[in-house]
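Visitor: Please find one structure pasted underneath; my questions will follow.
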Amino acid sequence: MIGFVSVIDIRRQVPLELTSFYRQKDRSFIDLLNQIRIGENLDLVIAEINQQCTQQYNSQADITLTCTNDRADRINMGELQRLPLREYSFRGTFKGQFSLEHDKLPSPLDLRLKKGAHVMFTKNDEQHRWVNGSMGIVREIDEGSVHVEITGDINGGICDVLPVTWESYKYSYDPVEDNIVANKVGEYIQYPLMLAWAVTIHKSQGKSLDNVLVDLGDGAFASGQVYVALSRCRSIESISLARLIRKTDIKCDPIIKKFYLTLSLMIGETDDALPVSLNADNLNRS
Numbered sequence: 144m145i146g147f148v149s150v151i152d153i154r155r156q157v158p159l160e161l162t163s164f165y166r167q168k169d170r171s172f173i174d175l176l177n178q179i180r181i182g183e184n185l186d187l188v189i190a191e192i193n194q195q196c197t198q199q200y201n202s203q204a205d206i207t208l209t210c211t212n213d214r215a216d217r218i219n220m221g222e223l224q225r226l227p228l229r230e231y232s233f234r235g236t237f238k239g240q241f242s243l244e245h246d247k248l249p250s251p252l253d254l255r256l257k258k259g260a261h262v263m264f265t266k267n268d269e270q271h272r273w274v275n276g277s278m279g280i281v282r283e284i285d286e287g288s289v290h291v292e293i294t295g296d297i298n299g300g301i302c303d304v305l306p307v308t309w310e311s312y313k314y315s316y317d318p319v320e321d322n323i324v325a326n327k328v329g330e331y332i333q334y335p336l337m338l339a340w341a342v343t344i345h346k347s348q349g350k351s352l353d354n355v356l357v358d359l360g361d362g363a364f365a366s367g368q369v370y371v372a373l374s375r376c377r378s379i380e381s382i383s384l385a386r387l388i389r390k391t392d393i394k395c396d397p398i399i400k401k402f403y404l405t406l407s408l409m410i411g412e413t414d415d416a417l418p419v420s421l422n423a424d425n426l427n428r429s
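Residue numbering for the sequence shown is 144 to 429, as defined by my numbering.
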């Protein structure tokens, strides 16, 4: 039996690159992001970003993006404690087998909230009032529900948020029907919310944000992490930096670089048309 389908290459490869930016409109910002993405001209690019983003530093940004969960949790707990109001704690419940570890649950096992808390929704709403990743502010908390004012791109308004259920499945093969069968084995029940004065860069993927503070802490550790953080914003004017970006923060996977080289060659470009760092000889030494 073949272990990985990816080892089979029987189809003709067709080069395809998505080149349009819909979040950003400023061409100069787009150019900076592109160079961060492929790790090109980093000295000049980092200097430009550091200069612009520290000039408009805003410690009261709407949201802070961090590299780690620990850093985001510390910021969120600090902001929650600053609110001089009653704190409510909601304990999630399990039924059957739910495979995720407590620190990887879709919503915290112990969800702590106050009026005024900044939150993120962690599951799509069946009534389409919010989606997974929507942002909001807690306005009221009463028995059995949390009232959240939705902010950002989703239509505003205050929504009554109730606990929801996430289901866990195990899959088995049915030889009679010749198909895969999903069997529900467990549930997790909790409010679809998490504190969100700060979130990890990973959790911010796919979102468009305004007035962002990027906190790289002890350093970015994953390929593309800085690019994802900066590209959440519509304009460079909406970004502040908790500290200057360092060259060591920018990590571009050599596989990504080789992909762009291959793509360029497949559409008829030559090494001479590529930036120096994307030359095949340089890539082979990466």
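The beta-carbon is built from N, C-alpha and C at its ideal position, and this holds for glycine as well.
#1: Mapping the DSSP letters down to three states, classify Ala325 as helix, strand or coil.
#2: Quick check on the DSSP output: the beta strand (DSSP E) that includes Ser311 runs from which residue to which?
#3: Which of the three DSSP states, helix, strand or coil, is assigned to Asp216?
#4: Leu359 to Ile218, Cα distance in whole Å?
#5: Can you find the residues in the same chain that come closer than 6 Å, C-beta to C-beta, to Pro249, ignoring five residues on each side of it along the sequence?
#6: Buried or exposed for Ile293, please, with buried defined as at least 16 other CB atoms from any protein chain shown within 10 angstroms of its CB.
#7: Whose C-beta lies closer than 6 Å to the C-beta of Arg214 among residues of the same chain, with five residues either side of it excluded?
#8: Let me know the secondary structure DSSP gives Phe402 once reduced to three states.
#9: Going straight from the alpha carbon of Tyr331 to that of His290, what length do you get?
#10: Nearest to Asp303 by CA position, among Val319, Glu283, Ile192, is which residue?
#11: Mapping the DSSP letters down to three states, classify Ala372 as helix, strand or coil.
#12: How many Å lie between Asp205 and Leu384 at the Cα?
#13: Using the beta-carbon count (16 or more within 10 Å), is Ser277 buried or exposed?
#14: Candidates Leu256, Val371, Thr236, Gln178: which alpha carbon is nearest Met337's?
#15: Exposed or buried, His271, counting other C-beta atoms within 10 Å across all chains shown (16 or more means buried)?
Guide: Taking the structure as given:
#1: Against the sequence shown, residue 325 aligns to sequence position 182. Of the three classes helix, strand and coil, the one that applies to Ala325 here is strand, per DSSP.
#2: As a position in the sequence shown, residue 311 is number 168, starting the count at 1. That run of the beta strand (DSSP E) goes 307-317.
#3: For this step, residue 216 is matched to residue 73 along the sequence shown. If DSSP states are grouped into helix, strand and coil, Asp216 belongs with the helices.
#4: Position 216 of the sequence shown, counted from the first residue, corresponds to residue 359. Position 75 of the sequence shown, counted from the first residue, corresponds to residue 218. Between Leu359 and Ile218, the C-alpha separation is close to 13 Å.
#5: Here residue 249 corresponds to residue number 106 of the sequence shown, with the count starting at 1. Here the set comprises Thr265, Trp309.
#6: Working through the sequence shown from its first residue, we reach residue 293 at position 150. Burial call: buried.
#7: Mapped onto the sequence shown, residue 214 falls at position 71. Once the five neighbours on either side are set aside, the close Cβ partners of Arg214 are Gly360.
#8: Translated into the one-based positions of the sequence shown, residue 402 becomes position 259. Phe402: helix per DSSP, three-state reduction.
#9: Position 188 of the sequence shown, counted from the start, is the residue given in the question as residue 331. Position 147 of the sequence shown, counted from the start, is the residue given in the question as residue 290. Answer to the nearest angstrom: the Cα atoms are 21 Å apart.
#10: Locating residue 303 in the sequence shown gives position 160, where the first residue counts as 1. Per the Cα distances, Glu283.
#11: Start at 1 with the first residue of the sequence shown, and residue 372 comes out as number 229. Correct three-state label for Ala372: helix.
#12: In the sequence shown, the residue the question calls residue 205 occupies position 62. In the sequence shown, the residue the question calls residue 384 occupies position 241. Rounded to whole angstroms, Asp205 to Leu384 spans 13 Å at the Cα level.
#13: Taking the first residue of the sequence shown as 1, we reach residue 277 at position 134. Looking at its Cβ environment, which holds 16 or more other Cβ atoms inside 10 Å, Ser277 is buried.
#14: Within the sequence shown, the letter at position 194 stands for residue 337. Taking only the C-alpha atoms, the option nearest Met337 is Leu256.
#15: The sequence position of residue 271 within the sequence shown is 128, counting from 1. Label assigned to His271: exposed.
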